[in-house]
Amino acid sequence: MDKPVNQGAWLLVLPVLLIVAFSAIVPLMTVVNYSVQDTFGNNQFFWNGIGWYQELLDPTTDLGGRFFDALWRNLLFSALILAIEVPLGIAVALSMPREGWRVAATLVLMALPLLIPWNVVGTIWQIFAREDIGLLGWAVNRLGIPYNYTADPLSAWVTIIAMDVWHWTSLVALLCYAGLRSIPDAFYQAARIDGASRWAIFRNIQLPKMHRVLLIAVLLRFMDSFMIYTEPFVVTGGGPGNSTTFVSIDLVKLALGQFDLGKAAALSIVYNLIILAVCWVFYTVMTRMDSGRN
Amino acid sequence: MARIELRNLAHSYAANPAGPQDYALKPMDHVWEQGGAYALLGPSGCGKTTLLNIISGLLVPSEGRVLFDGRDMTELPTQARNIAQVFQFPVVYDTMTVYENLAFPLRNRGLRGRDVDARVREIADLLDLTPDLNRRGRGLTADAKQKISLGRGLVRPDVAAILFDEPLTVIDPHLKWELRSKLKALHRALDLTMIYVTHDQTEALTFADTVVVMHDGAVVQIGRPDELFERPAHTFVGHFIGSPGMNVLPAEVAGRRAVVGGHALALARGYPRIGGGARVEIGVRPEFAMLAPAGAGLPVRVRRIDDLGRVRIAKVELAGLPLAATVPETLSVAGEEASLLFDPAMVHVYADGHLVEGEAA
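Chains A and R, in that order, are what the protein sequence lines are. When you number the first sequence by the working numbering, it's gap-free, plus one each residue, and the end is 294. When you number the second sequence by the working numbering, it's gap-free, plus one each residue, and the end is 1361.
Listed below in structure tokens is the structure:
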């Protein structure tokens, strides 16, 4: 028997379609439209085809050089903060209390950095790390270690990485903690009876239970760190020189500083595609690893 | 080998216990003999699991000592004891194969290579797990998982006692029988001390040679299944074991005579007068209270007769007190009027719940 067909049902999907078109598809297409044109102001546009893309992806050109420099910086930054925040977050989650009033107290303290607006985080660190009036910058310099994030690229990198770790390790820790809480006590008791060492318990009970939340944590932290803008913009403004100019910062310079809408639009599209591609790779690899265990 | 001795053992989860009500486990002395099959029977929350965790070392008792073969083990961690424990919910390390699961306790104790392999295969064979050895722990049925949990205990050559904490709770009924017989067979084959915690009397009575009945943090009776049935040491044991449970009736007892609701009945033993304001009761199981035609014994009013298949149980009232009695096969009950005959040897006297020893003949 054929199912009854009711074409009127399309009407029910229409509102969502309209909202998505209005909020996402049309703006995105506008960007695509800009990326294939050039403008000299006066709202006059000229067709440029894939010219901007060719320039962008060719490291020998001025635009391409800028883009690849910023991209490597971005990848290095993401790799560094993942390498620090994931192990640190796991370690913090493992040492968080499991019962009593301390649980609530710890959770509130841990969530605090996550609740601060991002530009405020930037401002806090911008002041905290200053060598003249900032507690951290002053103290480090008094210890005899030269530290000045406005002049020294290494200091600038240390500052923004420390800031990101301070800001986001809580997120990883809280996610891992949720995974740990789902392990019944009997598992720990059985492990004690089986004579398992601390490491064996971590390896065979805790890590497998955290696997799924870690996947989410890595994805979130990668996307966020790869798109980072506000905090380094507030702290270093991309400097000294271009040493902390990430893709997003460069993008804003291009679009709003130089008003190169075509170049900026092409960069936006490529930037977006890279994030999508890397997330897809992460997700596929980690879910494969997961199913490989079965 | 392990003879497990509990000396003056008590446990309170409160830091400063003020009185008996703060104790999860009230002071007790008990010896678990090497090679015994024990059941620890009692309702939920009576302290069974607390006692088990103290023996296995997961919990350090707040008072008293635990001795294995005379050696004080009270403070020793679980890892250092030759004891295994199987939990209510099966614990299987998901990411490992069945083989690795069984090898885990051995490898943790530093064994390697052929020692491990031989032992794992032997135990897998014993538990019929050999075909599953290379499968992952994940996705196995509950009974297979529970067998793995048990196997991780058995695999250790040093284990002298295995503690079971309601191990069949999550197992399908038709597999319960199978696993329980398996446990019995293992007990006979391996000369291990087994302590089996349960709130199911059938499980306890079929598994154990000795049943320890607990109530409200205290051991109320230790005995063979038939002793628990025929001579409950506490009215709680009478209630808890048997279906329906023992009839407990307020009574006045003097010498060889008890008076219940104005009716006198004979006792097989003589009792001194029980004073001190104690609550005096007599207890008799429905199996030893026979319904008879009116006029033959104590007059009762029949409320209902339940046919349980093998026997018929009558719910009757004796001077307003409800009790259960057996209806003999030959008796047909007409109307409400009937009478009750007790087997005097099976009528017990309790003061404040505890059995009072009578003087025989």
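Heads up, the beta-carbon is just placed ideally off N, CA and C, and yes, glycines get one too.
In terms of alpha-carbon separation, which member of the options lies closest to residue i?
i, options, result
"Leu1154 (chain R)", "R:Phe1104, R:Pro1043 and R:Thr1169", "R:Phe1104"
"Gly1262 (chain R)", "R:Pro1250, R:Gly1255 and R:Pro1272", "R:Pro1250"
"Leu1111 (chain R)", "R:Glu1359, R:Pro1157, R:Gly1270 and R:Asn1247", "R:Pro1157"
"Leu1009 (chain R)", "R:Ser1044, R:Glu1075 and R:Glu1359", "R:Glu1075"
"Ala111 (chain A)", "A:Ile90, A:Val86, A:Val172 and A:Tyr229", "A:Val172"
"Tyr188 (chain A)", "R:Gly1295, R:Arg1135, R:Asn1053 and R:Val1098", "R:Asn1053"
"Gly1281 (chain R)", "R:Val1091, R:Asp1200 and R:Asn1247", "Looking at the sequence shown, residue 1281 (chain R) is not Gly but Glu. Per the Cα distances, R:Asn1247."
"Asn74 (chain A)", "A:Ser170, A:Arg221 and A:Leu174", "A:Arg221"
"Ser1243 (chain R)", "R:Val1284, R:Ile1274, R:Val1066 and R:Ala1268", "R:Val1284"
"Thr1235 (chain R)", "R:Pro1225, R:Val1031 and R:Val1213", "R:Val1213"
"Ala156 (chain A)", "A:Leu143, A:Asp58 and A:Gly238", "A:Gly238"
"Phe1342 (chain R)", "R:Val1327, R:Asp1352 and R:Val1333", "R:Val1327"
"Asp1029 (chain R)", "R:Gly1358, R:Leu1006, R:Val1356 and R:Val1333", "R:Leu1006"
"Ser170 (chain A)", "A:Ala200, A:Leu135, A:Pro4 and A:Leu94", "A:Leu94"
"Val1116 (chain R)", "R:Asp1128, R:Arg1152, R:Ala1144 and R:Arg1081", "R:Arg1152"
"Cys176 (chain A)", "A:Arg198, A:Pro208 and A:Asn204", "A:Pro208"
"Gly1364 (chain R)", "R:Arg1081, R:Leu1040 and R:Pro1043", "Here chain R has residues from 1001 to 1361 only, and residue 1364 (chain R) is not among them."
"Leu1041 (chain R)", "R:Ile1195, R:Ala1289 and R:Val1170", "R:Ile1195"
"Tyr1093 (chain R)", "R:Gly1137, R:Arg1114 and R:Leu1106", "R:Gly1137"
"Thr247 (chain A)", "A:Phe77, A:Val31 and A:Trp168", "The identity of residue 247 (chain A) in the sequence shown is Val, whereas the question assumes Thr. Per the Cα distances, A:Phe77."
"Arg192 (chain A)", "R:Arg1109, R:Thr1330 and R:Leu1265", "R:Arg1109"
"Ser1181 (chain R)", "R:Ala1208, R:Asp1191, R:Ala1161 and R:Gly1036", "R:Ala1208"
"His211 (chain A)", "A:Asn48, A:Arg198, A:Leu180 and A:Asn141", "A:Leu180"
"Ala1278 (chain R)", "R:Ala1351, R:Pro1061, R:Arg1256 and R:Gln1146", "R:Ala1351"
With which residues is residue i paired in a DSSP beta bridge?
i, result
"Asn1247 (chain R)", "R:Val1284"
"Met210 (chain A)", "Answer is none; Met210 (chain A) lacks a bridge partner."
"Lys1315 (chain R)", "R:Arg1304 and R:Ala1324"
"Pro1299 (chain R)", "R:Ser1339"
"Trp47 (chain A)", "A:Gln37"
"Thr1198 (chain R)", "R:Leu1041"
"Ile1083 (chain R)", "R:Ala1161"
"Ala1254 (chain R)", "R:Arg1257"
"Gly1270 (chain R)", "R:Glu1359"
"Thr1097 (chain R)", "R:Arg1136"
"Ile1004 (chain R)", "R:Trp1032 and R:Phe1068"
"Ser994 (chain R)", "As displayed, chain R neither begins before 1001 nor continues past 1361, which places residue 994 (chain R) out of reach and without an answer."
"Glu1063 (chain R)", "R:Ala1010"
"Ala1292 (chain R)", "R:Ser1339"
"Tyr1350 (chain R)", "R:Glu1281 and R:Leu1355"
"His1263 (chain R)", "R:Val1260"
Answer yes or no: the CB of residue i versus the heavy atoms of the ligand PLP, is any distance below 7 Å?
i, result
"Thr30 (chain A)", "For the ligand PLP, the structure offers nothing, since it holds no ligand at all."
Exercise. Residues in the region 1078-1105 of chain R with C-beta within 8 Å of chain A's C-beta atoms, listed in sequence order?
Worked result: Thr1078, Gln1079, Ile1083, Ala1084, Gln1085, Phe1087, Gln1088, Phe1089, Val1091, Tyr1093, Asp1094, Thr1095, Met1096, Phe1104 and Pro1105
For this session: Decide yes or no for the touch test of the region 247-262 of chain A against the region 33-52 of chain A: beta carbon pairs closer than 8 Å, at least 3 of them.
Result: yes
For this session: Name, going along the chain, the residues of the region 180-196 of chain A whose beta-carbon falls closer than 7 Å to a beta-carbon of chain R.
Result: Pro184, Ala186, Phe187, Gln189, Ala190, Arg192, Ile193, Asp194, Gly195 and Ala196
For this session: Mind listing, in chain order, the continuous alpha helix (DSSP H) runs of no fewer than 4 residues lying wholly within the region 145-185 of chain A?
Result: 153-181
Exercise. Relative to chain R, which residues along the region 93-112 of chain A have a C-beta separation below 9 Å, given in chain order?
Worked result: none
Problem set entry | Proximal residues, the region 1148-1166 of chain R versus chain A, C-beta separation under 8 Å | Ser1149, Arg1152 and Gly1153
Exercise. Hey, which unbroken runs of the beta strand (DSSP E) at 3 residues or more fall wholly within the region 1143-1196 of chain R?
Worked result: 1161-1165
Exercise. What are the start and end residues of each continuous alpha helix (DSSP H) run of 4 or more residues lying completely inside the region 1031-1059 of chain R, in chain order?
Worked result: 1048-1056
Exercise. The region 198-230 of chain A: which residues have C-beta closer than 8 Å to a C-beta of chain R, in chain order?
Worked result: Ala200, Asn204, Ile205 and Pro208
For this session: Taking only runs that begin and end inside the region 1205-1235 of chain R, name each unbroken alpha helix (DSSP H) of 4 or more residues, in chain order.
Result: 1225-1230
Exercise. Touching or not, the region 1192-1205 of chain R and the region 1008-1027 of chain R, by the rule of three or more beta carbon pairs under 8 Å?
Worked result: no
For this session: Pull out every residue of the region 1053-1079 of chain R whose Cβ sits closer than 9 Å to any Cβ of chain A, in chain order.
Result: Asn1053, Ser1056, Gly1057, Leu1058, Pro1077, Thr1078 and Gln1079
For this session: Determine, using beta-carbon pairs with one atom in the region 1317-1332 of chain R and one in the region 1288-1305 of chain R, whether at least three such pairs fall under 8 Å.
Result: yes
Problem set entry | Contact list for the region 1108-1134 of chain R against chain A, Cβ threshold 9 Å | Asn1108 and Arg1109
Exercise. Does the count of Cβ pairs from the region 248-258 of chain A and the region 114-124 of chain A closer than 8 Å reach three?
Worked result: no
Exercise. Should the region 144-152 of chain A be called in touch with the region 222-230 of chain A, which here means at least 3 C-beta pairs below 8 Å?
Worked result: no
Exercise. Which runs of the alpha helix (DSSP H) spanning at least 4 residues fall entirely within the region 52-127 of chain A, listed in chain order?
Worked result: 62-95 and 101-115
Problem set entry | the region 1075-1089 of chain R contacting the region 159-170 of chain A, beta-carbon criterion three pairs below 8 Å | no
Exercise. Is the region 1056-1069 of chain R in contact with the region 1213-1226 of chain R, if contact means three or more CB pairs nearer than 8 Å?
Worked result: no
Exercise. Quick check: the region 213-220 of chain A against the region 1091-1099 of chain R, are there 3 or more CB pairs under 8 Å?
Worked result: no
For this session: Flag this pair as touching only if the region 27-36 of chain A and the region 46-55 of chain A have three or more C-beta atom pairs under 8 Å; answer yes or no.
Result: yes
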